[in-house]
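Everything on this sheet refers to the single structure shown next.
In my numbering, the protein residues as written are 1 to 393.
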């Protein structure tokens, strides 16, 4: 057989296959259309009922006119249908038919409105579901990126790795990996962008029971090694490497791990500006809850007294900022009488009897140390720090 003949036969065979394929697709489409037609019969449009109603109404009006105009010329067998009880029955039937046609029209109108509402509702529901899914995706990505930027560790769960009875999967600690500038390490390529994390050990491994320890021993997760992380299929995944390596789905779980000691805002700001640098600690008072000084054993709050290079006295209540301690006199005082010990910005720490007790303890301590706070006349103080004369004992 010649080469040309073979090519012709192959061409004919390909054409036949293409023809049969097109024929099969055409028949499949016809079958699908016929099934749709059988399962969902086409309903008359609402305009059809409206036309029937108007045509019937016009016809009945013409018929009624003719019956009235030619009543005396009607055959005898038709008179029972237009007079008396028979006429009432015929009128009722005709009215019922007209009302039925009108009801069909209103029903079609209602169904059309319902279909429109269903369509709008379905579209709205789809839009809301997409929006909710988009927000969930944004939250998941944002939470993980926030961990990479600002946190020192976090717990993660692998729901597909040995879910156990709870279905939650194994739980590990992961650590962020950052560059010299403090930004998360990321491998960029033409095809993908991968964050880098370091895998830690299982959460609370030291208190796990033997059965739970066995689950982690059989885990494919490699501890103290680096992993690539990428978000796809609505969740975060990690792998030890690209190109054929297994991806493990994970999510951020509750953060349980190393102890993080509390810090006050004042302590945090002292790392930038230490106001005690040029201060001299002269006394520490252990003050009880009622403002009196502790003698013996019990709960108390340290009140530290400092002096600066200018001789001014300051008070530090535990981790508070320094508060100026000075004497002032009530408003409109004359002369050098009625000086009152005052602690600046003490509101929120003490008031009333407790504050008076603290002032008494400070006065006694400063007198023993022969340290006298500065006297500031009332008129040199801002209005909100002046002592009204009515309050002077």
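No residue lacks a Cβ here, since even glycine has one placed at the ideal position from N, Cα and C.
For residue 341 versus residue 353, is the C-beta spacing smaller than 8 Å?
-> no
Quick one: what's got a C-beta closer than 7 Å to residue 149's C-beta in the same chain, skipping five residues either side?
-> 184
Using the C-alpha atoms, what's the distance from residue 272 back to residue 265?
-> 12 Å
Limits of the alpha helix (DSSP H) - the one that residue 365 falls within = 352–368
C-beta neighbour in chain B for residue 240, strict 8 Å = Looking at the structure shown, chain B is missing, and only one protein chain is on hand.
Best match in 138, 374, 163, 157 for proximity to residue 308 [C-alpha to C-alpha] = 374
Is it true that the CB of residue 365 sits closer than 8 Å to the CB of residue 285?
-> yes
Every unbroken beta strand (DSSP E) inside the segment 170–202 [3 residues or more] | 170–176, 186–188, 193–202
Pick helix, strand or coil for residue 300, following the three-state DSSP scheme.
-> coil
Give the DSSP-derived three-state secondary structure of residue 209 in the structure shown.
-> coil
Kindly indicate the opening and closing residues of the alpha helix (DSSP H) around residue 266.
-> 265–270
Is the segment 377–389 close to the segment 310–329, with three or more CB pairs under 8 Å?
-> yes
Among the residues of its own chain, which have a CB less than 8 Å from the CB of residue 323, if the five just before and after it don't count?
-> 314, 315, 316, 317, 343, 344, 345, 346
Per DSSP, residue 284 is paired with what?
-> 304
Considering only residues of the same chain and omitting the five flanking positions on each side of residue 116, which have a CB-CB separation below 6 Å?
-> none
Note down, in chain order, each residue of its chain lying with its Cβ closer than 7 Å to the Cβ of residue 219, except the 5 sequence neighbours on either side.
-> 161, 162, 170
Per-residue DSSP class, three states only, for residue 343 | strand
Should residue 270 be counted as a contact of the ligand ADP given a C-beta to heavy atom distance under 7 Å?
-> No copy of the ligand ADP appears in this structure; indeed no ligand is present at all.
Alpha carbon to alpha carbon, how far is residue 269 from residue 276?
-> 12 Å
Rounded distance between the beta-carbons of residue 228 and residue 244, thought under 8 Å = Not confirmed; about 13 Å, so no contact.
Nearest to residue 306 by alpha carbon, out of 289, 319, 348, 283?
-> 283
Just the C-alpha distance for residue 357 and residue 292, rounded to the nearest angstrom, thanks.
-> 6 Å
Backbone secondary structure at residue 378 - three-state DSSP | helix
Which one or two residues does DSSP pair with residue 156 in a beta bridge?
-> 172, 252
For residue 384, name the three-state secondary structure that DSSP assigns.
-> helix
Which of helix, strand or coil DSSP assigns to residue 39 | Only weak support is given to the placement of residue 39: the predicted model assigns it a pLDDT of 48, under 50, and the value that follows is read from those uncertain coordinates. Three-state result, residue 39: helix.
Take the Cβ of residue 388 as the centre, count every other Cβ of all protein chains shown within 10 Å, and call the residue buried at 16 or more, exposed below.
-> exposed
Could you say which of 267, 338, 131, 176 lies nearest to residue 320 if we only look at CA atoms?
-> 267
Is it buried or exposed for residue 131, if we count other Cβ within 10 angstroms and need 16 for buried?
-> exposed
Per-residue DSSP class, three states only, for residue 331 | coil
Contact set for residue 141: own chain, Cβ-Cβ below 7 Å, skip 5 residues either direction = 231
Simplified DSSP assignment, three categories, for residue 231 | strand
Inter-residue Cα distance where the pair is residue 351 and residue 290 = 10 Å
Take residue 158 and list the residues in its own chain whose beta-carbon comes closer than 6 Å to its own, dropping the five residues that flank it on each side.
-> 169, 170, 248, 250
Spatially closest choice to residue 363 from 339, 383, 125, by CA coordinates = 339
Residue 7 - DSSP class collapsed to helix/strand/coil | Residue placement at residue 7 cannot be trusted, given a pLDDT of 47 that sits under 50; what the coordinates show is reported in the next sentence. Residue 7 falls in the helix class under three-state DSSP.
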